[in-house]
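Undergrad: Starting off with a structure, shown below.
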Amino acid sequence: GQINGTTGYEEAGCQGLMAGINAHLAVKEEEPFILKRSEAYIGVLIDDLVNKGTKEPYRMFTSRAEYRILLRQDNADLRLTPLAQKLGIRGADERMVRVAAKEDAARAIEKFFREYSVEPGQVNGYLEEQGSTPLSQKVKLQGILLRPHIDTAGLRRALPALDEFLEGYEPEFVNLAEINMKYEGYIEREQERVDKMNRLESVRLSDTFDYQQLSSLSKEAREKLSQIKPRTVGQASRISGVSPADISVLLVHMGR
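Just so you know, the numbering used here puts 138 at position 152 of the sequence shown, and the rest follows in order with no gaps.
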């Protein structure tokens, strides 16, 4: 960690993990394992160190990540266990069974909330307690959950049918479904940004490419790109000193 400019046990530990995985892959002559910024905080840390550098000891703060809504504690297993299974890490197959159960449960719970209709008399007492406007007509349960200060725990107290349904699921699974529903719009917008970046990540750059020959690039961009040798246009776009105009030049050149 100190060699690469970080401080802290976790920062050093995650770099050791990634180094070990990639040493194994290198021996097998396989492609390196690279975590994206949208997949893990480890990906954010390594990407920052490579593309931005650091003038002081680096700590991994959540504020450094631009995809914080996707990099949540409650979905860490959903994000990373499939990658662990693909790498052949011990125990990943067993963990994937639980991941599949968690995803299936979340989908079933979300479906129940979308389809279950609630009469005003069933929940108006609870809504008034929370300072929320009472219902005047029947609505779907999901619409109530999306209100401020309303949560599944309170709705379970007001709706015996909901409580009975959720009894069959672990609290962790219920929590995931609740977060997915409450933040659906934010999650979708962030995923759109990730998809846009992934399109740039799919455009590969050769590590032998001579950036000095592209006179349309700014001088700073030519220097930084030659020094760092990014693997993709997406990585190039995150290098300090490389502007959107420089990325456009690269894309035009790669299109040729």
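Ideal Cβ placement from N, Cα and C applies to all residues, glycine included.
To the nearest angstrom, how far is it from the Cα of Arg190 to the Cα of Ser212?
TA: Computed Cα separation, rounded: 15 Å.
Undergrad: Please return the same chain residues whose Cβ sits closer than 7 Å to the Cβ of Lys72, not counting the five positions on each side in sequence.
TA: Around Lys72: no qualifying Cβ.
Undergrad: Since Leu127 is in the alpha helix (DSSP H), which residue starts that stretch and which ends it?
TA: It spans 127 to 131 - the alpha helix (DSSP H) in which Leu127 sits, taken as one unbroken run.
Undergrad: Determine whether the beta carbon atoms of Cys0 and Ile20 lie at a separation below 7 Å.
TA: No, the Cβ-Cβ distance between Cys0 and Ile20 is not below 7 Å.
Undergrad: Please state the DSSP three-state secondary structure of Arg224.
TA: Arg224: coil per DSSP, three-state reduction.
Undergrad: Round the Cβ separation of Gln177 and Leu56 to the nearest angstrom and send it over; I've been treating them as touching at under 8 Å.
TA: Between Leu56 and Gln177 the Cβ distance is about 7 Å, and since that is below 8 Å, they are a contact.
Undergrad: Going straight from the alpha carbon of Ile(-11) to that of Arg179, what length do you get?
TA: The alpha-carbon atoms of Ile(-11) and Arg179 are separated by roughly 33 Å.
Undergrad: Which residues in the same chain have their Cβ closer than 8 Å to the Cβ of Val125, if we skip the five residues on either side of it in sequence?
TA: Correct list, in chain order: Ser103, Val104.
Undergrad: My output table needs one value for Ser212: the three-state DSSP class, helix, strand or coil.
TA: Here Ser212 sits in helix by DSSP.
Undergrad: Let's see if you can read the secondary structure: which residues bound the alpha helix (DSSP H) around Lys97?
TA: Here the alpha helix (DSSP H) through Lys97 covers 78 to 101.
Undergrad: For Gln123, does the count of other Cβ atoms within 10 angstroms reach 16, so buried, or fall short, so exposed?
TA: Its Cβ having fewer than 16 others within 10 Å, Gln123 is exposed.
Undergrad: Looking only at its chain, what residues have a beta carbon closer than 8 Å to the beta carbon of Phe106, apart from the 5 residues adjacent to it on each side?
TA: Looking at the sequence shown, residue 106 is not Phe but Pro. Taken in chain order, the residues that qualify are Pro120, Leu121, Ser122, Gln123, Lys124.
Undergrad: When DSSP labels each residue in this structure, what does Tyr172 get in the three-state scheme?
TA: Helix, per DSSP.
Undergrad: Find out if the Cβ-Cβ distance for the pair Thr115, Thr138 is shorter than 7 Å.
TA: For the record, residue 115 in the displayed sequence is Glu; it is not Thr. It is not a contact, given that the beta carbons lie outside the stated cut-off.
Undergrad: At the level of alpha carbons, what is the spacing between Ile136 and Leu152?
TA: The straight-line gap from Cα to Cα measures roughly 16 Å.
Undergrad: Once you ignore the five residues that flank Glu187 on each side, which residues in its own chain have a CB closer than 6 Å to its CB?
TA: Excluding residues within five positions, the ones whose Cβ falls inside 6 Å are Thr218, Gly220.
Undergrad: Under the three-state reduction of DSSP, which class applies to Arg142: helix, strand or coil?
TA: Helix at Arg142.
Undergrad: Run through DSSP, which three-state label would Thr(-7) get?
TA: Coil at Thr(-7), not helix or strand.
Undergrad: Can you tell me whether Tyr44 is helix, strand or coil according to DSSP?
TA: In this structure, Tyr44 counts as strand in the three-state DSSP scheme.
Undergrad: State the DSSP-derived secondary structure class of Thr194, mapped to helix, strand or coil.
TA: Note: Thr194 maps to coil in three-state DSSP.
Undergrad: Nearest by alpha-carbon distance to Gly129: which of Arg143, Ala147, Pro146, Val109 is it?
TA: Here the closest residue by C-alpha is Val109.
Undergrad: Please list, in chain order, all residues of the same chain as Tyr197 whose beta carbon is under 6 Å from its beta carbon, the five residues on each side excluded.
TA: Arg208, Leu211, Ser212, listed in sequence order.
Undergrad: I need the DSSP call for Val104, collapsed to helix, strand or coil.
TA: Three-state DSSP puts Val104 in a strand.
Undergrad: Give the secondary structure of Thr119 by DSSP, where H, G and I count as helix, E and B as strand, and everything else as coil.
TA: If DSSP states are grouped into helix, strand and coil, Thr119 belongs with coil.
Undergrad: For Glu170 and Arg54, what's the separation of their Cα atoms in angstroms?
TA: Between Glu170 and Arg54, the C-alpha separation is close to 14 Å.
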